[in-house]
Structures are given as structure tokens and as C-alpha cells.
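Shown next, in C-alpha cells, is the structure this report addresses.
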Amino acid sequence: MKRIVLVSILLIMAVGVFAEKKSPKREMRAVWIATVDNIDWPSKPGLSVEEQKKELITHLDQHKKNGMNTVIFQVRPATDAFYKSAYEPWSQWLTGEQGKAPDPIYDPLQFAVEECHKRAMELHAWMNPYRAVFLYKNAKTDPNHISNTRPELFLTYGKHKYFNPGLPETRDYVSKIVGDVVRRYDIDAIHFDDYFYPYKIEGEAFPDSESFEKHGGKFYPNQVDDWRRENVNLVIKQINDTIKSIKPWMPFGISPFGVWRNKSMDKKGSRTQAGQTNYDDLYADVLLWLKKDWIDYVAPQIYWHRGKKVANYKVIAKWWNKNSYGKPCYIGQGAYRLNPESSIKAWHSADEIVQQIKLNRRLKAVDGSMFFSAKNFVENRLGINEALSLEVYKVPALHIQNALFKGMVPASPELKKKGSKLEWTKQEAATYYVVYKKEKKSHKKVFCITSFCELDLNAKENGGEYSVAAVNRGHVESVESNRIKIK
1 MKRIVLVSIL LIMAVGVFAE KKSPKREMRA VWIATVDNID WPSKPGLSVE
51 EQKKELITHL DQHKKNGMNT VIFQVRPATD AFYKSAYEPW SQWLTGEQGK
101 APDPIYDPLQ FAVEECHKRA MELHAWMNPY RAVFLYKNAK TDPNHISNTR
151 PELFLTYGKH KYFNPGLPET RDYVSKIVGD VVRRYDIDAI HFDDYFYPYK
201 IEGEAFPDSE SFEKHGGKFY PNQVDDWRRE NVNLVIKQIN DTIKSIKPWM
251 PFGISPFGVW RNKSMDKKGS RTQAGQTNYD DLYADVLLWL KKDWIDYVAP
301 QIYWHRGKKV ANYKVIAKWW NKNSYGKPCY IGQGAYRLNP ESSIKAWHSA
351 DEIVQQIKLN RRLKAVDGSM FFSAKNFVEN RLGINEALSL EVYKVPALHI
401 QNALFKGMVP ASPELKKKGS KLEWTKQEAA TYYVVYKKEK KSHKKVFCIT
451 SFCELDLNAK ENGGEYSVAA VNRGHVESVE SNRIKIK
């Protein structure tokens with residue numbers, strides 16, 4: 001294992017000199033922090049508040065070091081809350097018991113927002129719309145959990161309980177929960193993943209026949225698939241309307257399953273043979289949402305390797321590049337697949353992820369990556385941290401500009417040198433600052449992105465010409481400051 005990591009690092013260092021030329025100035029570099037079943041954080045339920053905070057800071061520091069600029073933080077995994085909610089109970093994966101508050105009391109979402117913003121990172125609040133009770137047979141839900149107080153809103157399918165998507169009450173309730181978070185927290189976006197109608201279970205029909213009969217309308221009795229798609233369309237539109245009514249600038253992003261439809265089912269589909277698809281099985285008509293402006297970015301989960309016969313990463317990434325309808329497109333990549341014992345040779349090296357990123361950068365409509373999931377970077381699977389920080393993410397990247405944001409552009413900072421520090425004036429409307437550096441025989445490059453108004457310079461890296469720009473909430477830069485040369 002150590003030998004594999006060492007070889008990976010040496011390869012990365014050998015080619016790292018070329019990374020700066022190919023690294024875009026603006027790029028989404030995000031990581032999902034999954035809380036459901038303690039996948040990423042906290043590492044187990046019932047940790048002390050101090051331990052929870054320490055673990056989260058460890059995650060954020062590692063991701064910042066790797067060059068990430070965004071965290072997708074799961075705050076509502078199963079109709080529960082990793083924040084103070086008047087509507088839903090504290091998560092069992094936080095304290096070990098659903099409904100039990102942290103002691104001493106603190107708000108994990110508020111803490112995560114503050115810590116991300118300190119690091120000039122965005123936080124997208126990741127919520128699951130329909131999943132209500134995870135592994136319901138063994139779950140101990142709080143008496144005030146809505147599945148107990150309003151059981152008529154729920155259906156059981158497979159191992160879990162879900163909100164019935166066919167009920168108008170479901171749309172209203174989920175929209176209310178999203179609106180509450182948007183209103184009360186300084187988050188940067190709302191994010192949903194691929195769980196709409198659940199993935200189909202062979203031999204088990206989804207039990208919504210009664211609600212179809214009652215609420216099917218024009219779709220009843222022969223168009224149940226179209227009715228299910230319409231149910232999801234309605235909730236997506238209503239949630240987007242809710243978000244924009246509170247904060248018109250806030251993006252609503254979706255990370256769907258990687259395949260929209262196979263070409264065998266639709267000439268617009270991809271050259272894939274996926275066993276299940278968004279449109280036909282999850283009833284998620286993602287392309288419609290993009291066309292109708294109901295979502296503001298798409299992040300398809302392409303958790304497969306290049307060359308996979310039935311679902312080739314390269315083929316699917318190119319398909320989404322052509323079908324994002326002018327919205328930012330970020331590719332979801334499966335860092336969790338990295339495994340020296342995998343039956344698939346491609347996943348024996350972090351170079352698979354590196355090559356996927358390089359492919360993304362050749363696609364004009366692809367604006368970056370989101371990685372599943374956070375713990376793989378804390379573990380440094382197959383040297384993935386070095387693969388990012390020494391090669392493809394060696395140079396920091398600004399966020400993609402938010403087309404919805406209409407706020408003021410900050411004024412230009414005034415830059416000064418004070419001892420071993422660079423200091424600059426704080427600017428109104430600035431949320432963070434980008435420090436540029438130009439060396440004698442190189443182009444100006446992003447040297448550092450920070451939320452602070454000062455920067456300690458390492459003596460070994462002092463030589464060069466520095467300037468600073470202030471950046472607003474929409475990621476629009478000010479005019480650069482004066483320049484300071486350091487010999």
C-alpha cells in the first residue's frame with residue numbers, strides 16, 4: 001500500500017510543473033460531507049461536542065489544503081436535523097438518539113457555515129426531500145417525528161420509509177423545511193442529491209396506487225410514470241420558488257444519478273446501458289428542470305471509470321457537457337471507489353481521478369467537480385490528497401460567478417507590507433480576498449484565497465510582485481490593489 005502511494009506521489013511531482021498552465025482561474029472544487037449513517041461526520045454518534053467540532057475542523061482543513069473551495073454538508077438526511085429546527089428532531093447520527101440535543105447545546109450547521117466562511121469556502125446545505133425513516137425496522141424515531149404524528153403522509157418501500165410524493169401536503173411540508181433553513185442560515189446554496197422516488201427494487205412495486213387514484217387527475221389510470229414525474233417536477237419548482245422568494249440570489253442545485261436516459265429509450269439519451277435511469281426509474285426529469293430554470297446548477301454523479309462498458313465516464317461527461325442548458329455543470333466523481341483491492345484496475349490509483357478532472361477541463365460547459373465523499377480524503381486513499389494538491393489543484397481557484405447575484409462590487413483594497421506580512425484594507429461587500437503573485441518569468445497567478453485581511457509570507461516564497469482583489473458574495477472581483485514587489 002505504501003509503495004503504491006509513493007509511486008503515485010512521484011508521478012504527480014514529475015508532472016506537477018505543468019499543472020499551473022492548465023488550472024482554470026475559476027472552478028468548482030467541492031466535497032460531500034455525508035452525515036447519514038455516519039458515513040463521513042461525525043465518525044460515530046454520541047461524540048462529545050468538542051470531539052464533533054474537532055473532527056469537522058479536521059475535514060475542512062484537509063479539504064482546504066487539497067484546494068477545495070466548497071463543502072456540500074448534509075443537514076437533513078432523514079427528516080431530521082443537524083441544526084436547530086422547530087419542525088424536525090435532532091438527528092440520531094449526531095447524538096445517538098433522535099430528538100436528543102447536543103450537550104452543551106450548539107448548532108452544527110451554524111458552526112460549519114462559520115468555519116467554511118473563515119476558509120473562504122462555500123457551504124451548500126444538502127437536504128433529502130423524501131427519505132423519512134432510515135432502516136425503519138430498527139429505527140427508534142422521536143415521538144414528535146412527523147412519521148409518527150402524520151403517518152398518513154408516508155409509504156414503506158424496501159428498508160426505508162418515504163414521504164408519499166403524490167400528496168400535495170408533501171410538497172408543502174418539504175418546501176417549508178427548505179425555506180426555514182434558507183431564511184435562518186448564511187448558507188450559499190441548497191443542494192439535493194439523486195434520491196427522489198427511491199431506486200427500484202426488483203419484484204416490489206412502489207405502493208402509491210391509492211394516491212394515484214385520488215390525485216392522479218389527467219394521468220389516471222394509465223400514465224402512472226408521467227404522474228410520478230409530475231409530482232417531482234412540482235416539488236422542484238415549489239422549492240425553487242420558495243428559495244427565490246426569500247433570497248433571490250441563492251442557487252438551488254441538484255446532483256442526479258449519472259444517466260438521464262439510455263439512448264435505447266430516447267434518441268436524446270446517452271450511449272449507455274444503465275440498469276436504472278433518472279427519467280425512467282427515479283422519475284427525475286432533470287433536463288426539464290434545467291430548461292425551465294427551476295434549478296441553478298447540475299452535478300451528475302458519474303461514479304464510474306473511463307472505459308466502463310455500460311456506463312463510460314468519458315461518454316457520460318461529454319453528454320452532460322452538451323445537455324446542461326447553459327447552467328453550471330459540475331461532475332460528481334467517486335473518490336470512494338479508490339481501492340488497491342478493487343476488481344477494476346482503474347481504481348488502483350488516484351490517477352483515475354486526476355485524468356477525470358483533466359477530461360472535465362477539456363469540456364467547455366463543465367465547470368468543475370464534486371467528490372464523494374469526505375472521509376476518503378481524511379484517509380488519503382491511494383494518495384488522493386497529493387494527487388490534488390500537488391497537481392490538478394496546486395493553484396487555488398476562485399468560485400464560479402453566481403449569475404443570480406446582483407450585489408455591489410467591492411472597492412479596490414489598499415495593499416501594504418508590514419514586516420513579514422502583507423496587509424490590506426477591509427472592503428465593504430467583500431466576503432473574501434484573492435492574492436495574486438507574479439514572478440519574473442511567469443504570468444500572474446492566484447497565490448492565495450482568504451477571508452482575512454492579512455497574509456504571512458514564508459521567507460522562501462517572498463520573491464515576486466503581489467496584488468489583492470476583494471470578492472463579493474456573487475464571486476465578482478474588485479479592481480486589483482496597488483502592487484508590492486518583494487525581492
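Using the UniProt record's numbering, read the sequence shown as starting at 1 and increasing by one per residue. C-beta atoms are modelled at their ideal positions from N, C-alpha and C, and glycine is treated no differently. Here the structure is a predicted model, which is why all the values come from computation and not from measurement.
Could you tell me which of G253, I254, D226 and A274 sits nearest to R261, measuring between CA atoms?
-> Considering only G253, I254, D226 and A274, the residue with the shortest C-alpha distance to R261 is A274.
Contact check, A299 vs P256, beta carbons under 9 Å | The answer is yes: Cβ separation under 9 Å.
With 16 other Cβ atoms within 10 Å as the buried cut-off, status of P248 = It is exposed - the Cβ of P248 has fewer than 16 other Cβ atoms within 10 Å.
Considering only the beta carbon of each residue, do E480 and C453 sit closer than 9 Å?
-> Using a Cβ distance threshold of 9 Å, E480 and C453 do not count as a contacting pair.
Could you tell me the boundaries of the alpha helix (DSSP H) in which W93 lies?
-> It spans Q92 to T95 - the alpha helix (DSSP H) in which W93 sits, taken as one unbroken run.
Within the same chain, show all residues whose beta-carbon is closer than 8 Å to that of K263, passing over the 5 residues directly before and after it, in chain order.
-> Excluding positions up to five away in sequence, the list reads G269, S270, R271 and T272.
Using a threshold of 9 Å, state whether the C-beta atoms of T79 and H145 are closer than that.
-> In contact: T79 and H145 (Cβ atoms closer than 9 Å).
Can you say whether E202 is buried or exposed, counting buried as having 16 or more other CB atoms within 10 angstroms of its CB?
-> Taking a 10 Å sphere around the C-beta of E202, we find fewer than 16 other C-beta atoms and assign the residue as exposed.
Where does N148 sit, in a helix, a strand or coil, going by DSSP?
-> Helix, per DSSP.
Between K21 and K440, what straight-line distance do the alpha-carbon atoms span, to the nearest angstrom?
-> Only weak support is given to the placement of K21: the predicted model assigns it a pLDDT of 46, under 50, and the value that follows is read from those uncertain coordinates. Looking at the backbone, the Cα of K21 and that of K440 are separated by about 16 Å.
Put Q301 into one of helix, strand or coil per three-state DSSP.
-> DSSP places Q301 within a strand segment (E or B) once states are collapsed to three.
In its own chain, which residues sit with a C-beta less than 8 Å from the C-beta of I331, not counting the 5 before and 5 after it?
-> Cβ within range, chain order: A299, P300, I302, A317, W320, Q356, N360, V366, G368, S369 and M370.
Segment contact, 8 Å Cβ cut-off, at least three pairs: the region 125–144 with the region 175–195 = Yes: at least three Cβ pairs fall under 8 Å.
Note down, in chain order, each residue of its chain lying with its Cβ closer than 7 Å to the Cβ of I57, except the 5 sequence neighbours on either side.
-> Excluding residues up to 5 positions away in sequence, E115 lie with their Cβ nearer than 7 Å to the Cβ of I57 in the same chain.
Can you grab the Cα-Cα spacing for the pair V435 / L388, in whole Å?
-> Cα to Cα, the separation comes out at about 21 Å.
Evaluate the contact criterion for the region 222–236 versus the region 281–295: three or more CB pairs, one atom per stretch, below 8 Å.
-> Result yes; three or more Cβ-Cβ pairs closer than 8 Å.
For the candidate residues S91, N472 and V395, whose alpha-carbon lies nearest to that of K65?
-> Ranking S91, N472 and V395 by Cα distance to K65 puts V395 first.
Can you name the residues that DSSP bridges to I243?
-> Residue pairing for I243: DSSP places it in no beta bridge.
Would a C-beta distance cut-off of 9 Å place P328 and Y279 closer than the cut-off?
-> Contact flag unset, no.
Beta bridge counterpart(s) of S422 as assigned by DSSP = Inspection of the sequence shows that residue 422 is occupied by Leu rather than by Ser. In the DSSP output, where bridge partners are listed per residue, L422 has K417 and L455.
Between T242 and the rest of its own chain, which residues show a CB-CB distance below 7 Å, the 5 nearest in sequence each way excluded?
-> Cβ within range, chain order: S175, V178 and G179.
Tell me the DSSP bridge mates of G179?
-> Answer by DSSP bridge pairing: none, since G179 is not bridged.
So with Cβ pairs under 9 Å, would you call Y195 a contact of chain B?
-> Absent from the structure: chain B. Only one protein chain is present.
V36 to Q74, Cα distance in whole Å?
-> When rounded, the distance between both Cα atoms is 8 Å.
Which residue from D281, V259 and L123 puts its Cα closest to that of K200?
-> Nearest option by C-alpha distance: D281.
Using a Cβ-Cβ cut-off of 8 Å (strictly less than) and excluding sequence neighbours within five positions of S39, which residues of its own chain qualify?
-> According to the sequence as given, residue 39 is Ile; it is not Ser. Within the same chain, and ignoring the five residues on either side of I39 in sequence, the residues whose Cβ sits closer than 8 Å to its Cβ are S373 and K375.
Is N402 near H348, with beta carbons less than 9 Å apart?
-> Contact annotation: N402 and H348 have beta-carbon atoms that are not nearer than 9 Å.
From the DSSP output, in three-state form, read off W319 for me.
-> In the three-state DSSP reduction, W319 falls in the helix class (H, G or I).
Please work out which residues of its chain come closer than 7 Å, Cβ to Cβ, to Y106, disregarding the five sequence neighbours upstream and downstream, and give them in chain order.
-> Closer than 7 Å at the Cβ level, and outside the excluded window around Y106, lie V49.
Nearest CA to the CA of D142: which residue from F134, V133, F206 and Q98?
-> Proximity to D142 across F134, V133, F206 and Q98 peaks at Q98, based on C-alpha coordinates.
Tell me where the alpha helix (DSSP H) around V378 begins and ends.
-> DSSP places V378 in the uninterrupted alpha helix (DSSP H) bounded by K375 to V378.
Write down the C-beta distance between P77 and W93 rounded to the nearest angstrom, noting that I regard them as a contact closer than 8 Å.
-> With a Cβ gap of about 7 Å, P77 and W93 count as contacting.
What is the DSSP secondary structure of W260, counted as helix, strand or coil?
-> Three-state result, W260: coil.
CB K421 to CB D456, shorter than 9 Å?
-> With respect to D456, K421 sits close: the two C-beta atoms are nearer than 9 Å.
Length of the line joining the Cα atoms of E414 and T425 = Cα-Cα distance, rounded: 5 Å.
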